[in-house]
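Trainee: Sending over a structure as structure tokens; questions will come in a sec.
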Amino acid sequence: MGDIHQPLHCGFLSDNGGNAITVRWYKRKQNLHHVWDSTILQTEVDNFYDSDMNEFIDALQQNITKVWADQIEEWENCGDNDLPCPATYASESTIDACKWAYKDATEGSVLNDDYFLSRLPIVNMRLAQAGVRLADILNRVFEKKLAMSI
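So, in structure tokens, the structure goes:
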């Protein structure tokens, strides 16, 4: 569930989802895919949460229950289907890859505060959506399993 919400996992085949695009994250050389897999979040945790992952998790949970609370129902639903729709999640990621991940991140470019701060809300929202949707799937599976055993 987490993988399908990472935009570059639904990126272009021609560059292996950003793996073939070498950039500099501030001063460190790495590929764009790695930036989106872990570096953006690690930079956030280091810079804003004093490297305390528990503090970051608490903040993300607060955003889910307060900031994004009015969007949770929409995140959990995928049209009229009984089960969540991975194709919708992949489509969202493809759109985010084009709109956010690839934009201003060409071969050899330096990604710094402008890139980081503008992409951070997208990364956090996609992470929150993945968690909410996984919880929804598990709740549905176990509800059905409980109903069948009664």
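Letter by letter, the sequence shown follows residues 60 to 209 in the working numbering.
The C-beta atom is built at its ideal place from N, Cα and C for all residues, glycine as well.
1. Can the beta-carbon of leucine 91 be found closer than 8 Å to that of alanine 187?
2. What residue does the alpha helix (DSSP H) around threonine 147 start on, and which one ends it?
3. Does DSSP classify lysine 125 as helix, strand or coil?
4. How do the region 194-203 and the region 110-125 stand: do at least 3 beta-carbon pairs fall below 8 Å, yes or no?
5. Start and end of the beta strand (DSSP E) containing threonine 98?
6. Measure how close the beta-carbons of alanine 160 and leucine 67 come, nearest whole angstrom, since I'm counting them as under 8 Å.
7. Rounded to a whole number of angstroms, what is the C-alpha to C-alpha distance between asparagine 78 and isoleucine 131?
8. Just mark threonine 81 as buried or exposed, buried being the case when its beta carbon has 16 or more other beta carbons within 10 Å.
9. Can you find the residues in the same chain that come closer than 8 Å, C-beta to C-beta, to isoleucine 99, ignoring five residues on each side of it along the sequence?
10. Looking at histidine 93: is its Cβ nearer than 8 Å to the Cβ of serine 152?
Mentor: This is what the structure gives:
1. no
2. 145-155
3. Lysine 125 falls in the helix class under three-state DSSP.
4. no
5. According to the DSSP assignment, threonine 98 belongs to no beta strand (DSSP E), since it is labelled neither H nor E.
6. 5 Å
7. 32 Å
8. Exposed, by the Cβ-count rule.
9. Taken in chain order, the residues that qualify are Phe175, Arg178, Leu179 and Val182.
10. When the beta-carbon positions are compared, histidine 93 and serine 152 stay at least 8 Å from each other.
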